[in-house]
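Taking the working numbering, the leading residue of the sequence shown gets -6, the next gets one more, and so forth.
Built from N, CA and C at the ideal position, the CB exists for glycine as well.
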Amino acid sequence: MISLNEGGGAAVSRAVELTSAVFADDGWLCLSLGLEHRPEQERMARAVAAAMDGDTSLLCEAGTGVGKSLAYLIPGIIHAVDTRRQFLVSTHTKTLQEQIRDKDLANCRRLFAAVPELAAYRDFTSAVLMGKGNYLCTTRLKRALAEKHELFATPEQEQLARVDAWAKTTETGLLADFPSPRIAPEVWDEVSADSDACSSKHCDSAVCFYQRAKKRRDAANLVIVNHSLLFTLMAVQAAQEKSLARGILRLDDFLVLDEAHTVPDIATEHLGLALTSTGLRRQLHALFNPKRRKGLFTRHQDTGGQRAVEIAVEQADHFFATVAEKIPPGAGLQRWREADAVEHLLAGPLNGVVARLDALRTSLPPEDIAHVEVETKQKRLSAYRDAIKSWLDLAREGDVHWAEMADRRKELVVSLRSAPLDVSAELRRRLFQRETSCVLTSATLATGSTIEPFRERVGAHAVETVIEKSPSTTSATCASTSPPTCPSRPPPPRASSRSTPSPTTCASARSPSAAARSCSSPATATCSPSPPASSPTTAPRAGAA
-6 MISLNEGGGA
4 AVSRAVELTS
14 AVFADDGWLC
24 LSLGLEHRPE
34 QERMARAVAA
44 AMDGDTSLLC
54 EAGTGVGKSL
64 AYLIPGIIHA
74 VDTRRQFLVS
84 THTKTLQEQI
94 RDKDLANCRR
104 LFAAVPELAA
114 YRDFTSAVLM
124 GKGNYLCTTR
134 LKRALAEKHE
144 LFATPEQEQL
154 ARVDAWAKTT
164 ETGLLADFPS
174 PRIAPEVWDE
184 VSADSDACSS
194 KHCDSAVCFY
204 QRAKKRRDAA
214 NLVIVNHSLL
224 FTLMAVQAAQ
234 EKSLARGILR
244 LDDFLVLDEA
254 HTVPDIATEH
264 LGLALTSTGL
274 RRQLHALFNP
284 KRRKGLFTRH
294 QDTGGQRAVE
304 IAVEQADHFF
314 ATVAEKIPPG
324 AGLQRWREAD
334 AVEHLLAGPL
344 NGVVARLDAL
354 RTSLPPEDIA
364 HVEVETKQKR
374 LSAYRDAIKS
384 WLDLAREGDV
394 HWAEMADRRK
404 ELVVSLRSAP
414 LDVSAELRRR
424 LFQRETSCVL
434 TSATLATGST
444 IEPFRERVGA
454 HAVETVIEKS
464 PSTTSATCAS
474 TSPPTCPSRP
484 PPPRASSRST
494 PSPTTCASAR
504 SPSAAARSCS
514 SPATATCSPS
524 PPASSPTTAP
534 RAGAA
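Structure, rendered in structure tokens:
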């Protein structure tokens, strides 16, 4: 990982100084954008700027109407540009992500363009970080087209042709932009960027949609991401034993987590384990589909590999059926308390398939993209094998383990799940011990008048807390309809002062952590099953960037 500040040396940030001038009651935000002055927003902005400038962390509840987005975006952008460090903004919902991208950043740019003292920041760059699995890889598409007869049956070949036609007209290459009807997951799996084969070594960044987006992202001052992908990427870093000297995803970056009341539950999901019967079947069928006689082993004419997959598919069906029998009728969920409560029927068959993939990989030249494709599939199947063993052995200490069962599209789906009961230590290590600023904000962090329960859940010991309630309807304003109250000239920069910290979590919605807490009861728990994951959390998910 590299920093935007490749030249080294400590750059001076004016975030504290300029934030005071922007948000003052007679400040640039009022004068240039005609927005009302909100004392709560000013106090929050100053606290955020001070935290970023000092590389410290902050928990801030900002009630509805405070205007928290601008309160962290403006100081964050100034700090990012001045220090040449990347600014990460993570949200839970797509709605807020789009609001920041389409509205709030436009207001920031208007402000910077209107005020001469802020002109240095008007050309800041931003990007939205999406997972690799969302992008079409033109290199993998070309390869899939060349091998379509070995990889796909006729219906999938027709879908591949649609992808090829779409690739010539789309500007983004994003799956979300693909026209209806949607393509089958097994087809997208073979052409998406979610493979080690999609890399700067094999792809042209001027052509490949993902490599082009990655290049923009790497150079951006501000990167917008969602919580799920953020924690996926942090989990991938941990699995690969990559540790930054300081920073969250890149060296020297700093982070704001908006809608932070959802962080404990999302962390619980991504720090746990999740795999499904359908996910494993898809992985195996990509290697060889016994009914259609298509797949990777067909492409390489590996009859031994084909037979190994047939055995593994048969044993997988038997294994998951055995797990399903342990779930009481109508319950949908069963706590797993005993190691090896069912026989690990899949260990031998999956080892056999992995061995065939290893033999195929070593037979291919390392520089060949086919070598990389086989290696990627080998890693993923190995991750499934290891995750199943870990789940059966109850190997994840501190986790609660359970199995789920649901009918989806006339198919019985069995999920193996585990989740930690306490994520505070891991969040403290990943967010608050990175020698960089991490700000968590939301309209609902406090329980009553205190943030303390939330602070305990996220491991933010000794982190400063601020509570800014929703503005009073009688607060002073400086609206565009009242020009006499606005100054005729921008005020001089003012010294920053931090708001007085107040002690102050949120009750989480139903989620993997809620399921984990429910499953921790001695009684058999029942609840609505969570959506199945397509791959175990011990491996890079489809959304990994």
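Taken in chain order, the unbroken stretches of alpha helix (DSSP H) that lie wholly in the segment 59 to 91 and span 4 residues or more are 61 to 76.
Using a Cβ distance threshold of 8 Å, His254 and Trp329 do not count as a contacting pair. Assigned with DSSP and collapsed to three states, Phe312 falls in helix.
Taking a 10 Å sphere around the C-beta of Thr88, we find fewer than 16 other C-beta atoms and assign the residue as exposed. Taking 3 residues as the minimum length, the beta strand (DSSP E) runs contained wholly in the segment 270 to 344 are 326 to 329, in order along the chain. Boundaries for Asn100: no beta strand (DSSP E) harbours it, while the alpha helix (DSSP H) harbouring it runs 98 to 107, taken from the DSSP string. Remark: C-beta atoms of Ala4 and Asp116 do not approach each other more closely than 8 Å.
Nearest neighbour of Phe425 by Cα position, chosen from Lys372, Thr118, Gly452, turns out to be Gly452. Per DSSP, Met37 is one residue of the alpha helix (DSSP H) stretching across 32 to 46.
Closest in C-alpha terms to Ala260, from the list Gln34, Leu420, Asp386, comes Leu420. Taking C-beta atoms as the reference points, Ala55 and Glu461 count as a pair closer than 8 Å. With respect to the C-alpha of Ala340, the residue from Ala317, Ala376, Ala324, Glu360 having the closest C-alpha is Ala376.
Assignment of Ile381 by DSSP, reduced to helix, strand and coil, places it in the helix class. Burial check for Ala279: the Cβ neighbour count within 10 Å reaches 16 or more, so the residue is buried.
Minimum Cα-Cα distance from Gly47 among the listed residues Arg77, Asp386, Ser6, Met37 corresponds to Ser6. Distance between Thr163 and Ala317, taken at the CA atoms: about 43 Å.
DSSP places Arg373 in the helix class (H, G or I) of the three-state scheme. Taking the Cβ atoms as the reference, Leu414 lies roughly 6 Å from Gly391, within the contact range of under 8 Å. Following the DSSP letters along the chain, one finds Ile217 inside the beta strand (DSSP E) bounded by residues 215 to 219. When the Cα atoms are used, Phe312 and Glu336 turn out to be separated by approximately 8 Å. In this structure, the straight-line span from the alpha carbon of Ser173 to that of Phe16 is close to 46 Å. Between Val59 and Met37, the C-beta gap is smaller than 8 Å, which places the two residues in contact.
Going by beta carbons, Ser83 and Asn214 fall outside the 8 Å limit. In chain order, Ile176, Ala177, Val180 place their CB closer than 7 Å to the CB of Gln152, counting only its own chain and leaving out the 5 sequence neighbours on each side. Asp392 is bridged by DSSP to Pro413. When beta bridges are read from the DSSP output, Ile460 appears opposite Glu54. Where Thr131 is concerned, there is no enclosing beta strand (DSSP E), although the alpha helix (DSSP H) around it starts and stops at 131 to 139. Thr296 is classed as exposed because its beta carbon has fewer than 16 other beta carbons within 10 Å across all chains shown.
If the five residues before and after Pro464 are omitted, its C-beta is found closer than 7 Å to the C-beta atoms of Arg31, Glu33, Gly58, Val59, all from its own chain and listed in chain order. Ranked by Cα distance from Ser185, the first of Leu167, Lys194, His195 is Leu167. Spatial neighbours of Pro342 in its own chain (CB-CB distance under 6 Å, excluding positions within 5 residues in sequence) are listed in chain order as Ile304, Ala305, Gln308. Assigned with DSSP and collapsed to three states, Glu110 falls in helix.
A straight line joining the alpha-carbon of Leu438 with that of Phe447 spans about 6 Å.
Beta-bridge pairing by DSSP links Phe447 to no other residue. Look at Glu151 here: in three-state DSSP terms it is helix.
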